[in-house]
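Colleague: For reference, the structure I am asking about is given below.
Number of protein chains: 2
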Amino acid sequence: MAVNLPELKTLPAVAGVRLGTACAQIKQDERDDLALFELASGSTSAAVFTRNAFCAAPVEIARQHLATTEPRYWLINSGNANAGTGESGRTAALDCCAAVAHEQKCSDREVLPFSTGVIGETLPVDKIRAAIPTAAKNLDANHWLEAAHAIMTTDTQAKGASRQIQIAGQTITITGIAKGSGMIHPNMATMLAFIATDAPVAEPLLSVGLKAAMNVSFNRITVDGDTSTNDACLLVATGQADLPLIEHSHSTEFKALQQALVEVSQELAHAIVRDGEGATKFISIEVAEGRDEQECLKVAYTIAQSPLVKTALFASDPNWGRILAAIGRAPIAELDIQAVRVFLGDVCIVDDGGRATSYTEEQGQAVMDEKEIVIKVLLGRGEVSNTVWTCDFSYDYVKINAEYRT
Amino acid sequence: MAVNLPELKTLPAVAGVRLGTACAQIKQDERDDLALFELASGSTSAAVFTRNAFCAAPVEIARQHLATTEPRYWLINSGNANAGTGESGRTAALDCCAAVAHEQKCSDREVLPFSTGVIGETLPVDKIRAAIPTAAKNLDANHWLEAAHAIMTTDTQAKGASRQIQIAGQTITITGIAKGSGMIHPNMATMLAFIATDAPVAEPLLSVGLKAAMNVSFNRITVDGDTSTNDACLLVATGQADLPLIEHSHSTEFKALQQALVEVSQELAHAIVRDGEGATKFISIEVAEGRDEQECLKVAYTIAQSPLVKTALFASDPNWGRILAAIGRAPIAELDIQAVRVFLGDVCIVDDGGRATSYTEEQGQAVMDEKEIVIKVLLGRGEVSNTVWTCDFSYDYVKINAEYRT
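Quick note, the sequences are listed as chains R and Z, same order. Just remember that the numbering used here sits 272 ahead of the position in the first sequence, which is counted from 1. Just remember that the numbering used here sits 272 ahead of the position in the second sequence, which is counted from 1.
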C-alpha cells in the first residue's frame, strides 16, 4: 500500500472548471476510464510535455492544438496510451477530439487529448466516442474526485491536492489531480497532472510558473528529466476570480499563487512516489554544498536509482556503504571524498572518507525504522543544494540483496 | 539458477601460475574464502581498476604497488570488501601484503591485495594472516577451480573460462576466473577477474590488449562505465611458453592471443550476467546503424536498464512498446523515429514509428519464450554498431509490472 498517503476524500472546486466522467470500457468495465474537463471561455493555459522521441499520438495532437488555439476541453482516457501507433494513432486522437467538438459544439482544435495505459495497441475510438455524451452530461464543478479516479491505471489510490489562498481579499483556489502508474522510477511510466486555478494569469507568466513548479516537483521524481511517451502536465487559469490580471513575475499576487502552485505540485508528485509499486518508504535525498544544481542532481539521482541503496532502505538496513558507493560513482568531476559528509536523518554516518567515528548502528537503525527517511549528502565544495524524492525497492528483488549483508 | 551456465568442472593450468586457497573464516567457516596467486618471476602484468571516487583501500594499495613493482602475488579475500574503511582500511590491506611477503620471502610491494564482500566493516586481518600459510602451502598449478570458488560472494556458481591456441607451433593457454556478486547491474557490485597466459607479452602491449578486451566484455555489462568500489581485472603473462616476446600489436601472434583473450573475457562477463540474481533470461542488445559508438551504447544501456523492458522479458511478454519507449528516451540528439527498426531475434517488431505491419504476437511470443533473446535496434543513421549484455528482472518486482498488460 502507498506510504502515508491518506485516502482522497474531497477536492475544492475551481470556478470555471467542470469535470465529467464515463466508463468507456477500454480495458475493463468496472469503473470510469474517461474524464472530460471543460474550461471556461477566456481561460489561459500552460503545458509541459514528455521529451521522449517516441512521444505518443495524443501528445503530438495536444501540442499542435495548443500552438494555435486556447483549449476549452481536456479529454483523458486510461487503459490505452495510444503510443507507438503511428499514423493511425494520430487519426484516432483526432477522432476523439472531433467527437468532443461534435458533442459540445466547439472546434476540434479546442480539445486536447490525453491517453495513458498500455503502449502499442489500437485506441478503441468507437468506445470512447460512445462514452463522451455520458461524460459531457455529468459535467460538474464538483467532480474532481471522480476525475482523479478515472485517470488511474495501476495507481492504488487517487491523487489530488488543493490550496486556497487570499489575494487582495479574494479566496483563490488551486486544485490538481495526477496519476502515476506506479513504477518505482516514475519517468518510465506515464505521469499525467491536471491543475486549475480561478486566478486570472497572463499566458506567458503561467508557463513560467508551471515550469518553475515542475522543476521542484514532478521533475525531481524523474530521472535526468527523462519522461515516458505520454507524460504531460497541464495548468489552466480560468480568471473567474474577481482580480486584476496577474502578469508580472515580481508581483505579490504572482508570488503567492506560485507558492501555492509549488505546494500542490509537490503534494501530487510526492503522492506518485508514495504510491510507487511496492513502496514501503518515502525517501528524500537532499544534496547540499554542491558547485551547481547539475552536480547536486547527479549525486541525488545516482543514489535514488541505486537498487543496492533502495533494497537496503526496504530492509531498514543502515548500510551506509552502499550510499557511499553510489556517491562515488556519480558522474561528477574531482570529487574529494574526504570532504563528503552523509547524514541519515540527523545522524552523521560518513565523514573523512569512511564511517563517522561518532556513528553507531543503533543510531542508524532508529532512522531506518521510520517510514519517511531523509538522506542528506554534503559535498563540501559549494553553496548549491537540491532535493529528489524516491521510494524503496521491496519484495523478492529486495530480499536477495537485503539478505546479502545479514 | 544461472541461465545456461554449465557447472565449472576443470580449468587448464597456465605455466608460471600457482594457486592456493584457505578458509580464513571471514564471514563463514564452511568454505575457502582466501585465494593466493603466485606468478613466476619475469611475468608482465596489466590491470584495470574501478573508477569509483570512493575506491576501496585494497584498490589504492594495488595501484600503488603496481606502479613501481612487478607483482609476484595476488591475494584475494571474499566476505569483506575493506571499502569505506578510511586510513585503517589501507593499513589492513598493507598488513595483508606484509603477511604474504613474510610467508613467501618477497617484498610487500610484490603483493597486490583484493577484497570483495560487505562494505564498511573492518577487515579481519588476523584471520587472514592466520590463513595465509595454508594457502601458501597448497599453491599448485592445478588449483584454478578452487580459487574460482574461494573468490565467490553471492555468486551461485563458480566462473571460469579458458582457451588454448597454437602460436608458432606452441600451445598457448589463456585461463581466467571471475566473480560478480550477482547484482542485475554488475556495475553496482564488485566484479573481479584474474586472467593468465603463458605467452610472453611486453607490458605496454599487454595493457592495450586488456583494455581492448574489457571494452567488448566486462565494460559491456557495465552501465556507463561505472564501477563499484572494488572492481578490478588483472592479466598476467608469465612468458613460460617457448616463444619470442610478443611486442607489436600488428603481429599475427598478438592478434591470435588477443582473440583468445576476448573470448575468455566475454565468456567470464557473460557468466556474471547469466548468474545475475534472479536471472531467467540472457539478453543481448545489439544497436546498429548508429553515428558513433557512444550513441549505440546510450540506446543499448537505456534498454538494458529499463525495469519495464526487463520485467516484460521475464514475463516472456513481447511488449515491444516498452522497448520503443526506452529507445525514445535514450539521450541522443535528433533521433528520427520513423527510421528506427527493432527486431526481436529475426522478427521485425517496429518500423516506421510503430508496430511493424508484418508483425504478429505469435512471432514475438516464439522469440520471447526462449532463454536467450537478442534485441536488435537499427537506428538508420550511421554505420556503427555495439552490443551490451544483460538479464531480465524476475520475482515479485516483476510480477507487478508483468501483470499490468495481461
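Even for Gly, the Cβ is constructed at its ideal location relative to N, Cα and C. For clarity, every value in this text was computed on a predicted model and none was experimentally measured.
1) For L488 of chain R, which residues of its own chain have a beta-carbon under 7 Å away from its beta-carbon, when the five flanking residues on both sides are left out?
2) Cβ of K299 of chain Z within 8 Å of Cβ of G351 of chain Z?
3) Using the Cβ count rule (16 or more neighbours within 10 Å means buried), how would you classify G441 of chain Z?
4) For T567 of chain Z, count neighbouring Cβ atoms within 10 angstroms of its own Cβ and tell me buried if that reaches 16, exposed if not.
5) Using DSSP with H/G/I as helix, E/B as strand and the rest coil, what is F309 of chain R?
6) Can you give me the start and stop residues for the alpha helix (DSSP H) that E642 of chain Z sits inside?
7) Helix, strand or coil: which one does DSSP assign to I400 of chain Z?
8) Strictly by DSSP, which residues pair up with D623 of chain Z?
9) Indicate the three-state DSSP secondary structure (helix, strand or coil) for A319 of chain Z in the structure shown.
10) Name the one or two DSSP bridge partners that W346 of chain R has.
11) Just to confirm the assignment, what range does the beta strand (DSSP E) spanning F554 of chain Z have?
12) DSSP beta-bridge partners for W661 of chain R?
13) Listed in chain order, which residues of the stretch 340-372 of chain R have Cβ atoms closer than 9 Å to some Cβ of chain Z?
14) Closer than 8 Å is the cut-off here; do at least three beta carbon pairs connect the stretch 423-434 of chain R with the stretch 401-413 of chain R?
15) Assign K451 of chain R to one of three DSSP states: helix, strand, or coil.
16) With distances taken Cα to Cα, identify the nearest neighbour of F386 of chain R among R:A413, R:C378, R:D427, R:E332.
17) Once you ignore the five residues that flank D496 of chain Z on each side, which residues in its own chain have a CB closer than 7 Å to its CB?
18) How about the stretch 356-366 of chain R and the stretch 624-639 of chain Z: do they share at least three Cβ pairs that are nearer than 8 Å?
19) If contacts are defined as beta-carbon pairs under 8 Å, then C378 of chain Z and Y345 of chain Z qualify, I think. What distance do you get, rounded to the angstrom?
20) Which of the three DSSP states, helix, strand or coil, is assigned to Q442 of chain R?
21) Rounded to whole angstroms, what's the CA-CA distance from T388 of chain R to A465 of chain R? Just pull it up for me.
22) Does chain R have any CB closer than 8 Å to the CB of W661 of chain Z?
23) Please work out which residues of its chain come closer than 6 Å, Cβ to Cβ, to C369 of chain R, disregarding the five sequence neighbours upstream and downstream, and give them in chain order.
24) Taking its Cβ as the centre, do 16 or more other Cβ atoms sit within 10 Å of D503 of chain Z, making it buried, or is it exposed?
25) On a CA-only basis, which of R:A329, R:L338, R:L417 is nearest T316 of chain R? Give me that one, please.
26) Any beta-carbon of chain R closer than 8 Å to the one on A274 of chain Z?
27) How many angstroms separate the CA atom of L596 of chain R from the CA atom of V622 of chain R?
28) With C-beta atoms as the reference, is Q688 of chain R less than 8 Å away from A285 of chain R?
29) Give every residue of the same chain whose Cβ lies closer than 6 Å to the Cβ of Y631 of chain Z, excluding the five residues on either side of it in the sequence, and list them in chain order.
30) Give me the chain R residues within the contact set of W416 of chain Z, using Cβ-Cβ distance strictly less than 9 Å, ordered along the chain.
31) For D514 of chain R and F321 of chain R, what's the separation of their Cα atoms in angstroms?
32) Rounded to whole angstroms, how far is the Cβ of A541 of chain R from the Cβ of I604 of chain R, which I believe are closer than 8 Å?
33) Note down, in chain order, every chain Z residue with its Cβ under 7 Å from the Cβ of L607 of chain R.
34) Could you please give the first and the last residue of the uninterrupted beta strand (DSSP E) stretch that includes R303 of chain Z?
35) Between the Cα of I467 of chain R and the Cα atoms of R:V289, R:E279, R:L651, which residue gives the shortest distance?
36) Residues of the stretch 612-632 of chain R with a CB closer than 8 Å to any CB of chain Z: list them in chain order, please.
Modeller: Taking the coordinates as given:
1) As written in the sequence, residue 488 of chain R is Val, which differs from the Leu given in the question. The answer, listed in chain order, is V534, Q538.
2) A contact, by the Cβ cut-off of 8 Å.
3) When all chains shown are included, G441 of chain Z counts as exposed.
4) The residue asked about is misnamed: residue 567 of chain Z is Glu in this sequence, not Thr. By the neighbour-count rule (16 or more Cβ atoms within 10 Å), E567 of chain Z is buried.
5) DSSP places F309 of chain R in strand when its eight states are reduced to three.
6) Run containing E642 of chain Z: none; DSSP gives neither H nor E here.
7) Here I400 of chain Z carries a helix assignment [DSSP, helix/strand/coil].
8) Looking at the DSSP output, D623 of chain Z bridges to Z:G626.
9) Correct three-state label for A319 of chain Z: strand.
10) Partner residues in the beta bridge of W346 of chain R, as assigned by DSSP, are R:F309, R:L384.
11) First-last of the beta strand (DSSP E) with F554 of chain Z: 554-562.
12) BP columns for W661 of chain R point to R:S556.
13) Cβ contacts with chain Z come from A353, A355, G356, T357, G358, E359, S360, G361.
14) Between the stretch 423-434 of chain R and the stretch 401-413 of chain R, the count of C-beta pairs closer than 8 Å stays below three; the two stretches do not touch.
15) Assignment of K451 of chain R by DSSP, reduced to helix, strand and coil, places it in the strand class.
16) Nearest of R:A413, R:C378, R:D427, R:E332 to F386 of chain R, Cα basis: R:E332.
17) Here D496 of chain Z scores only 35 on pLDDT, less than 50, and its place in the model is too uncertain to base an answer on.
18) Segment contact: the stretch 356-366 of chain R against the stretch 624-639 of chain Z, three or more CB-CB distances shorter than 8 Å; contact assigned.
19) Correct: roughly 7 Å between the Cβ atoms.
20) Here Q442 of chain R sits in strand by DSSP.
21) C-alpha of T388 of chain R to C-alpha of A465 of chain R: approximately 12 Å in a straight line.
22) No Cβ of chain R is located within less than 8 Å of the beta carbon of W661 of chain Z.
23) Correct list, in chain order: D380, V383, P385.
24) Looking at its Cβ environment, which holds 16 or more other Cβ atoms inside 10 Å, D503 of chain Z is buried.
25) If we check each option's Cα against that of T316 of chain R, R:L338 comes out closest.
26) No, A274 of chain Z lies away from the interface with chain R (no Cβ there is under 8 Å from its Cβ).
27) So the two alpha carbons sit approximately 8 Å from each other.
28) Only positions 273 to 678 of chain R appear in the structure, and residue 688 of chain R is not among them; the question remains open.
29) Residues I621 of the same chain have their beta carbon placed closer than 6 Å to that of Y631 of chain Z, with the five preceding and five following residues left out of the count.
30) Neighbours of W416 of chain Z on chain R: none; closest Cβ ~26 Å, over 9 Å.
31) C-alpha separation (whole angstroms): 31 Å.
32) Distance from A541 of chain R to I604 of chain R at the Cβ level is roughly 25 Å; contact not present, criterion being Cβ atoms closer than 8 Å.
33) L607 of chain R reaches chain Z at A325, counting residues in chain order whose Cβ is nearer than 7 Å.
34) According to the DSSP assignment, R303 of chain Z belongs to no beta strand (DSSP E), since it is labelled neither H nor E.
35) Comparing Cα positions, the closest option is R:V289.
36) Those residues of the stretch 612-632 of chain R placed with their C-beta closer than 8 Å to a C-beta in chain Z are V622, D624, G625, G626, R627, ordered along the chain.
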